[in-house]
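Chains as they are written, first to last, in UniProt numbering: chain A, 1 to 387; chain B, 1 to 234.
Here is the structure we will look at, set down as structure tokens.
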Ligand SMILES: Nc1ncnc2c1ncn2[C@@H]1O[C@H](COP(=O)(O)OP(=O)(O)OP(=O)(O)O)[C@@H](O)[C@H]1O
Ligand SMILES: [Mg+2]
């Protein structure tokens, strides 16, 4: 669909931004260009719609060289979501979405219909948002409009340059989900630039990993995770290095803890305990005193059981801790303990009784997946049988 | 300067009696200003666009326009009179040259401050250079361009009062007649409307500018809650 043949780019100041790019973006696929800042992702992408011109080499779309096409016409047939926000501040949301159909001289009724359709497509009520200005929308909403605008004239190819990078994690996740949904429905050829590996793994059909103006590795996320081409890729995808000659250090429990185990003081009431569980999405809380000494554990069932009694505190309903480990315990021992006693989590407590950490099934799996992905399968099975 | 005492009532009655003539002066005054500033706008905006395209050219153009503005107004008009003779043409050309600097400079600065993201977005969606100029760059530079217009108008209204010295008309006529005849009523009858005109022009253009200010641009729906924009501005 889109082909790069021996593409090089040297900027006017003599900087060689792209060394020799040969790439193919497949029809109907979402291809993610990823790599550290300054590696040439945007440069690569902007050559597709001729916002930049290669110094040498060719770019073909459906076999036709883009340099032989009228740039203005070409761009109207390629959707574009810009890095940073590119909505026009002086136009309403409706006008912004309608920019390309307008340039293509669609008639007014068709444009109005399309605008409403697109706003609904990105989950924004046309009645509410159509006549607002961009500054009246949240960052996430603005970026939705940016996406809607790119889809407006139903182009086959859509370019997206870090469309979600300025957003908070929650909006980003939402927009990624929506993009996946849109893509399942519409099957566009999408080129998506990011430097967030999690984002790439989540949405890509194919990942193109770049560094210093070169393509380092191309493949499906699965393939890149399982067979990273070299150390750069390995570091980039966040795997801990694993040489075959050095044996794996046996991890200790301290390395495998969850970041913020949820604790509560003994004097807190039951409603507070429920609220905290709800907010942190956990089913039990560890009770620690002011010196951070572990007193016991309380589960949602313990709390609900006694909820009617308004004067009770978590201290009255907590259960003693059945199993715990000391810091420095080898992970396999801890896993064995969890497995034998069917524990979902295990507290780490030091000699003085202080609560220093918590390991859960989740944190164990996460750690192992970073060290060696294929262990995860077997381990997941073990846990599966036990549970 | 007057050798007799006069009151506001005298002034008003004088203006009432001569309202036809004063009105005519007022209208010519406004027309001269509109013509001068209008022509300056028509010539200055393209020059400003040119400046925004090429820094070297910008330096030369702005050097010329600012030099023009430094020449004392009377001297400029007299020089022009040598070329265009006595009459309104000289005045209008003078006002044009005077207005050029604020208009070119503000157009240039206005276009320069447009966030390149918007320009790139415009190019990216397939706007031609002209569409980009009219649909993106001008609208986003508009408040600056209006500032230029506002400054030009206020200056021109003032400079136009010396028009009679080079054979032009306008409220200056009344002022100079007053000076010659040592009649303060006539001086005020010319000067006050000219001053009011400048103040009103300033207020009206200022209000227009505020209305078009992008940071305050809101849809007209009631009780719109203000959400801060999360967009990066650089
Ligand atoms: N107009 C230009 N002139 C000179 N060098 C440039 C120009 N535009 C980009 N570069 C350089 O080319 C390199 C690649 O830039 P590019 O914008 O493609 O990076 P990127 O991978 O998109 O980075 P980021 O993730 O930060 O957006 C960078 O080192 C940049 O400094
Ligand atoms: Mg970039």
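Glycine included, each C-beta is placed from N, C-alpha and C at the ideal position.
- Positions of the beta strand (DSSP E) runs, each at least 3 residues long and wholly inside the UniProt domain "CBS" (318-378) of chain A, are given as 345-349 and 355-360 in order along the chain.
- No heavy atom of ligand 1 is found nearer than 7 angstroms to the CB of residue 217 of chain A.
- A Cβ-Cβ distance of about 4 angstroms is found for the pair residue 140 of chain B and residue 114 of chain B, placing them in contact under the 8 angstroms criterion.
- About 5 angstroms separates the Cβ atoms of residue 253 of chain A and residue 334 of chain A, confirming a contact at the 8 angstroms cut-off.
- At least 8 angstroms separates the beta-carbon of residue 218 of chain A from that of residue 32 of chain A.
- Nearest to residue 82 of chain A by C-alpha distance, out of A:20, A:162 and A:280, is A:162.
- Sorting A:90, A:220 and A:107 by C-alpha distance to the C-alpha of residue 29 of chain A places A:220 at the top.
- Taking 7 angstroms as the cut-off, the C-beta of residue 41 of chain A counts as close to a heavy atom of ligand 2.
- Just so you know, the alpha carbons of residue 61 of chain A and residue 185 of chain A end up roughly 22 angstroms apart.
- Within the region 136-169 of chain B, 136, 139 and 140 place their CB atoms closer than 7 angstroms to a CB of chain A, listed in sequence order.
- Rounded to whole angstroms, the separation of the alpha carbons of residue 27 of chain A and residue 201 of chain B is 60 angstroms.
- In this structure, ligand 2 has a non-hydrogen atom nearer than 7 angstroms to the beta-carbon of residue 162 of chain A.
- Between ligand 1 and residue 11 of chain A, a heavy atom-to-CB distance of less than 7 angstroms is present.
- Contact between the region 156-172 of chain B and the region 81-95 of chain B is established, with three or more Cβ pairs separated by less than 8 angstroms.
- Contact between residue 66 of chain B and residue 101 of chain B is confirmed by a C-beta separation of about 5 angstroms, below the 8 angstroms threshold.
- Residues of the region 105-129 of chain B with a C-beta atom less than 7 angstroms from some C-beta of chain A are 117, 118, 120, 121, 123, 124, 125, 126, 127 and 128, listed in chain order.
- Inside the region 257-306 of chain A, DSSP marks whole beta strand (DSSP E) runs of 3 or more residues at positions 284-288 and 294-299, from first to last along the chain.
- Taken atom to atom, the span from the alpha-carbon of residue 282 of chain A to that of residue 268 of chain A is near 17 angstroms.
- If you keep only unbroken beta strand (DSSP E) runs of at least 3 residues inside the region 77-136 of chain A, you get 78-81.
- Secondary structure within the region 30-61 of chain A: the alpha helix (DSSP H) runs of 4 or more consecutive residues, fully enclosed, are 41-48 (chain order).
- Each residue's CA atom was taken as its position, placing residue 103 of chain A and residue 135 of chain B some 11 angstroms apart.
- Each of B:209, B:123, B:50 and B:54 was checked against the Cα of residue 50 of chain A, and the nearest Cα belongs to B:123.
- Per DSSP, the beta-bridge partners of residue 217 of chain A are A:209.
- Per the coordinates, the alpha-carbon of residue 176 of chain B lies some 10 angstroms from the alpha-carbon of residue 183 of chain B.
- With its beta carbon less than 8 angstroms from one in chain B, residue 82 of chain A belongs to the interface.
- When Cβ-Cβ separations below 8 angstroms define contact, residue 103 of chain A makes contact with chain B.
- No Cβ of chain B is located within less than 8 angstroms of the beta carbon of residue 172 of chain A.
- Around residue 320 of chain A, the same chain offers 296 as residues with beta carbons nearer than 6 angstroms, after the five sequence neighbours per side are excluded.
- Residue 270 of chain A is a Cβ neighbour of residue 307 of chain A, given a cutoff of 8 angstroms.
- At least one beta carbon of chain B lies nearer than 8 angstroms to the beta carbon of residue 76 of chain A.
- If you draw a 10 Å sphere on the C-beta of residue 17 of chain B, you find fewer than 16 other C-beta atoms in it, and that means exposed.
- Segment contact: the region 116-134 of chain A against the region 64-77 of chain A, fewer than three CB-CB distances shorter than 8 angstroms; contact not assigned.
- Assignment of beta-bridge partners to residue 18 of chain A by DSSP yields A:9.
- Taken through DSSP and simplified to helix, strand or coil, residue 21 of chain B comes out as helix.
- Interface criterion not met: the Cβ of residue 262 of chain A is under 8 angstroms from no Cβ in chain B.
- Around the beta carbon of residue 168 of chain A, fewer than 16 other beta carbons lie within 10 angstroms, which makes this residue exposed.
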